[in-house]
Each structure stands twice: as C-alpha cells, then as structure tokens.
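Before any comments, here is the structure.
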Amino acid sequence: MTTTTDQALARAMRIEGAIGAALVDYNSGLALGTIGGGAELDLSAAAAGNTDVVRAKMRTMDMLGLKGEIDDILITLTGQYHVIRPMTAPGTEGLFFYLALDRQKSNLAMARRQLEQAEKLLREV
Numbered sequence: 000m001t002t003t004t005d006q007a008l009a010r011a012m013r014i015e016g017a018i019g020a021a022l023v024d025y026n027s028g029l030a031l032g033t034i035g036g037g038a039e040l041d042l043s044a045a046a047a048g049n050t051d052v053v054r055a056k057m058r059t060m061d062m063l064g065l066k067g068e069i070d071d072i073l074i075t076l077t078g079q080y081h082v083i084r085p086m087t088a089p090g091t092e093g094l095f096f097y098l099a100l101d102r103q104k105s106n107l108a109m110a111r112r113q114l115e116q117a118e119k120l121l122r123e124v
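Residues 0 to 124, numbered by numbering that gives the first Met the number 0, are exactly what the sequence shown covers, in order.
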C-alpha cells in the first residue's frame, strides 16, 4: 500500500461515524488497502462482495444505455450506511472507495462530500 493510499484511507476514517474503509480493485475484487473494520466488519469480505455490486450496476447501466458515470452507490442498513464510490480519474479506473458508517453517528451528506475529498488525494498522484 502506498503512502498516498494510506493518507486517503486515514482521511476517510476521520469521517464522523466511520467504521472502516477500503480501496478496492473491482477487476479482481481485492482490497488494495484497508483501515478500521475489525470484529465489527470484515473489510476483505466487504471488498469482494461490493465488487459484485459495482459490476452489476455497470452492467445494468450498459444494458439500459445509460450515459455518465456512477458518483456513488449507497446501501442503507438498519444501523449502517455503506458508500461505494467508483473512481474515474486517469490512473484510478477500476478502483472504488468503500466506506462503512455507523448510521447513528454520521451525517451521510457530509460523509459523501468528505469521501470525495479523500479520493482527491489519490487523483493528485
């Protein structure tokens, strides 16, 4: 994991209510870096499972002929938010940020904005 990846993941974990974050290659399903999670959340399993979510959405967009890119995919659970943010900047294609948040401790709108800022760290390399 590169220093820039470490910095981006650390920034994501500073988002209020963050449980865990990962940078994932959706071609392989492997997490290139993770932070947090622990007993509450297996980030390797989440990376692999959410790879299927990203691939399915991209296939659906293709089948429907939808243009544009995915800003993020939100999965709302009873106690958590899971935010998937595919990256599109040159050199980051095929990657996505994954962030799990405690629903009671987070502000979803602010978290989405802050995750975008964490992503910018990777685009600046």
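Even glycine gets a Cβ: it sits at the ideal position worked out from N, Cα and C. Everything numeric in this text was worked out from a predicted model, so none of it was measured.
Beta-ladder partner(s) of residue i, from DSSP
{"i": "Ile72", "result": "Ile83"}
{"i": "Val23", "result": "Ala30 and Phe95"}
{"i": "Ala17", "result": "Leu100"}
Three-state secondary structure (DSSP) of residue i
{"i": "Ala117", "result": "helix"}
{"i": "Met109", "result": "helix"}
{"i": "Gly36", "result": "coil"}
{"i": "Asp101", "result": "strand"}
{"i": "Thr77", "result": "coil"}
{"i": "Val47", "result": "The question names Val, but residue 47 is Ala in the sequence shown. Ala47 falls in the helix class under three-state DSSP."}
{"i": "Asp41", "result": "coil"}
{"i": "Ala88", "result": "coil"}
{"i": "Leu63", "result": "helix"}
Check whether residue i and residue j have beta carbons under 7 Å apart
{"i": "Leu100", "j": "Leu114", "result": "no"}
{"i": "Ile18", "j": "Leu40", "result": "yes"}
{"i": "Tyr80", "j": "Val53", "result": "no"}
{"i": "Ala20", "j": "Leu8", "result": "yes"}
{"i": "Glu68", "j": "Thr91", "result": "no"}
{"i": "Leu120", "j": "Thr3", "result": "yes"}
Contact test: residue i Cβ vs the ligand HEM heavy atom, cutoff 6 Å
{"i": "Gly93", "result": "Here there are no bound small molecules, and the ligand HEM is not part of this structure."}
Buried versus exposed, by CB contacts within 10 Å (16 or more), residue i
{"i": "Pro89", "result": "exposed"}
{"i": "Arg102", "result": "exposed"}
{"i": "Ala129", "result": "Because the chain spans 0 through 124 in this model, residue 129 falls outside it and cannot be assessed."}
{"i": "Ala44", "result": "exposed"}
{"i": "Leu42", "result": "buried"}
{"i": "Ile83", "result": "buried"}
{"i": "Arg112", "result": "exposed"}
{"i": "Met0", "result": "Its pLDDT being 48, under 50, Met0 is placed unreliably by the model, and the measurement read from it follows with that caveat. It is exposed - the Cβ of Met0 has fewer than 16 other Cβ atoms within 10 Å."}
Three-pair Cβ contact test at 8 Å for the segment 47-56 versus the segment 99-112: no
Inter-stretch contact (C-beta, 8 Å, three-pair minimum) for the segment 59-70 and the segment 33-45: no
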